[in-house]
Ligand SMILES: [Zn+2]
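Residue numbers (this note's numbering): -9 to 70.
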């Protein structure tokens, strides 16, 4: 009589969990406020981050709104 939404929901949530388990991110140390922020540039894996050339990327500080230039040396990989 009703569509089987109860069975569909755990399936959807398990996909979200699975994706969350593989979440990796690149962070950078903010030159403006000194804190660590998540890089606006996303990488699929560590290899693609390490093989990439990142020179003078303008990242905006999420705390102060000020922008500074960042090279790859300013960025680091963080497993989650
Ligand atoms: Zn900042």
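Note that the Cβ used here is the ideal one computed from N, Cα and C, for glycine as well.
- At least one heavy atom of ligand 1 sits closer than 7 Å to the Cβ of residue 53.
- Note on residue 20: 16 or more other CB atoms within 10 angstroms of its CB, so buried under the neighbour-count rule.
- Burial of residue 29 is indicated by the presence of at least 16 other C-beta atoms within 10 angstroms of its C-beta.
- Counting only the Cα atoms, residue 47 lies some 10 Å from residue 57.
- Our two residues, residue 63 and residue 32, have alpha carbons roughly 16 Å apart in a direct line.
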